[in-house]
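The next block holds one structure in the form of structure tokens; read it before the comments.
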């Protein structure tokens, strides 16, 4: 679409309670100025009923940053870690090549620092050890460190996110099905198809979480059974992975019932650059079962980290921490479980006699009808927010269904181009281009050797 109309595509992507990518909306914008981005975010907030997102990840576009600060001042904004790291490797390819161990040190400091003080100390040490004081890009990264380094955002809710990868996947998905010569209506049809698939996938996940349970618990701990009851299926699998990771950890009690240290075993196959010790704080002496870990994974992802789970296992705690009950991914499943237990008690009583069964059956029918009315009212409230009637140039939108008969979309002004439009290609990093050239040269040598 960008090739034909010169309109950049701007999707607004989020994460569902199942950890899947969802699309809040998208726009074609005429330019990438601060004013245009302000309009984009104002329109987005209007469609969301005025609710501001807690967190957002974007690229390093300065105009977008200014617009976010103006329109969504309370939203925590960070830049995409993947893009910044990729630029660093591309601009400093020779530097990384001649300095043995720099890649491992760099990755460890950026991704694994536990506190801001640790990151700043290790970064300055890396700069001094490898004599990078005059490196312009490392200087720029240091100046903007609080905009993208993970440790500066570890207390903010960024569930399973470090980059804008989900947005780029959505872009690629649409490009695969909408060619450069397609018009706006073709795009709208493909966009609606993707939205429908997302809705079906979410409904399927909801149903599977309610109807299915894992056949076997892999660890046999009570906490795993509690997680099955409280988390939906996908989030439970992430929790289960953290629980299995506790087998690779060691543990030491620093202060009885209050302070613990957890670290990786030294005999693991994949060695870490710095085997850090993670501090877990609680107060089991007062009967409390609320834990805090220095890694803050619970704040970021909404699930307990393997460090806390290690302490829970070693101290033989029978319950999950209270924090885990309040995660967005578990609330619906908790409501479902509460109602199931109450319904089971009622049906057990109702089966004792014909009179009780008849009474309960009639009440179920009455409640079912009232629930339908409540659900309909809630749906109408949602529709009034998302599909509010608008008058644009004197024309009132009367339907949310987009068809060729009911809505005639006008294409933007088309840009004249010479020759046949080419299929858009993803821009390659310098490192990728070098790898492809080396692979092609190697293949050419093999072919020449075979022919001779």
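Numbering (the UniProt record's numbering), first residue to last: 1 to 452.
We put the beta carbon where it would ideally sit given N, CA and C, even for glycine.
Only a predicted model underlies this, so the values are computations on that prediction, with no experimental measurement involved.
Whole angstroms are fine: how far does the CA of residue 190 sit from the CA of residue 132? Mapped onto the chain shown, residue 132 falls at position 132. Mapped onto the chain shown, residue 190 falls at position 190. Computed Cα separation, rounded: 49 Å.
Anyone know if the C-beta pair for residue 148 and residue 81 falls short of 9 Å? In the chain shown, counting from the first residue as 1, residue 148 sits at position 148. In the chain shown, counting from the first residue as 1, residue 81 sits at position 81. In contact: residue 148 and residue 81 (Cβ atoms closer than 9 Å).
For residue 404, is the classification buried or exposed, using 16 other Cβ atoms within 10 angstroms of its Cβ as the cut-off for buried? For this step, residue 404 is matched to residue 404 along the chain shown. Reliability of the predicted coordinates at residue 404 is poor, the pLDDT of 41 falling under 50, and no value is obtained from them.
So for residue 311, helix, strand or coil by DSSP? If you number the chain shown from 1, residue 311 lands on position 311. Looking at residue 311 - three-state DSSP - the assignment turns out to be helix.
Three-state secondary structure (DSSP) at residue 260? Here residue 260 is taken as the residue at index 260 of the chain shown, counted from 1. Reduced to three states, the DSSP call for residue 260 is strand.
Quick check on the burial criterion: 16 or more other C-beta atoms within 10 angstroms. Buried or exposed for residue 134? Mapped onto the chain shown, residue 134 falls at position 134. So residue 134 counts as exposed.
Coarse secondary structure for residue 254, derived from DSSP in three states: Against the chain shown, residue 254 aligns to sequence position 254. Residue 254: strand per DSSP, three-state reduction.
What do you reckon, are the CB atoms on residue 68 and residue 42 nearer than 9 Å? The residue given as residue 68 occupies position 68 in the chain shown. The residue given as residue 42 occupies position 42 in the chain shown. No, the pair does not count as a contact, with Cβ atoms beyond the cut-off.
Quick one: Cα of residue 247 to Cα of residue 283, how far? To locate residue 247, count along the chain shown from 1; it is residue 247. To locate residue 283, count along the chain shown from 1; it is residue 283. Near 24 Å, if we compare the C-alpha coordinates of residue 283 and residue 247.
Using 8 Å as the threshold, is the region 164 to 177 in touch with the region 299 to 313, meaning 3 or more CB pairs across them? no
From the DSSP secondary-structure annotation, give me the bridge partner or partners of residue 292. Counting from 1 along the chain shown, the entry for residue 292 is found at position 292. Answer by DSSP bridge pairing, in chain order: 281.
Within a Cβ cutoff of 8 Å, which residues of the same chain sit near residue 249, ignoring the five residues on either side of it in sequence? Within the chain shown, the letter at position 249 stands for residue 249. The residues are 262, 263, 264, 265, 306, 307, 310.
Give the secondary structure of residue 405 by DSSP, where H, G and I count as helix, E and B as strand, and everything else as coil. Locating residue 405 in the chain shown gives position 405, where the first residue counts as 1. The predicted model places residue 405 with a pLDDT of 44, which falls under 50 and marks its position as unreliable; any figure quoted below should be read in that light. Residue 405 falls in the coil class under three-state DSSP.
Given a threshold of 16 other Cβ atoms within 10 Å of its Cβ, counted over all protein chains shown, does residue 195 qualify as buried or as exposed? Residue 195 sits at position 195 when you count from the first residue of the chain shown. Counting Cβ neighbours within 10 Å, residue 195 comes out exposed, since fewer than 16 surround it.
Let me know the secondary structure DSSP gives residue 183 once reduced to three states. Start at 1 with the first residue of the chain shown, and residue 183 comes out as number 183. Coil, per DSSP.
On the three-state DSSP scale, how would you describe residue 149? Here residue 149 refers to the residue found at position 149 when the chain shown is read from its first residue. Residue 149: coil per DSSP, three-state reduction.
Residues bridged to residue 70 by DSSP? Here residue 70 is taken as the residue at index 70 of the chain shown, counted from 1. Note: residue 70 sits in no beta bridge, so no partner.
How big is the Cα-Cα spacing for residue 21 and residue 359? As a first step, residue 21 must be located in the chain shown, where it is residue number 21. As a first step, residue 359 must be located in the chain shown, where it is residue number 359. Residue 21 and residue 359: Cα-Cα distance of roughly 45 Å.
Select from 289, 8, 159, 34 the residue whose C-alpha is nearest the C-alpha of residue 239. Along the chain shown, read from residue 1 onward, the residue named residue 239 stands at position 239. Out of 289, 8, 159, 34, 159 has the C-alpha closest to the C-alpha of residue 239.
Please classify residue 170 as buried or exposed, where buried requires at least 16 neighbouring CB atoms within 10 angstroms. To locate residue 170, count along the chain shown from 1; it is residue 170. By the 10 Å Cβ count, residue 170 comes out buried.
Taking contact to mean 3 or more Cβ pairs, one atom from each stretch, closer than 8 Å, check whether the region 12 to 28 and the region 200 to 216 are in contact. yes
Is the CB-CB distance between residue 218 and residue 258 below 9 Å? Here residue 218 refers to the residue found at position 218 when the chain shown is read from its first residue. Here residue 258 refers to the residue found at position 258 when the chain shown is read from its first residue. No, Cβ-Cβ distance for residue 218 and residue 258 is not below 9 Å.
Check whether residue 156 and residue 16 have beta carbons under 9 Å apart: Numbered from 1 along the chain shown, position 156 holds the residue referred to as residue 156. Numbered from 1 along the chain shown, position 16 holds the residue referred to as residue 16. It is not a contact, given that the beta carbons lie outside the stated cut-off.
With DSSP as the reference, label residue 25 as helix, strand or coil. Here residue 25 corresponds to residue number 25 of the chain shown, with the count starting at 1. Correct three-state label for residue 25: strand.
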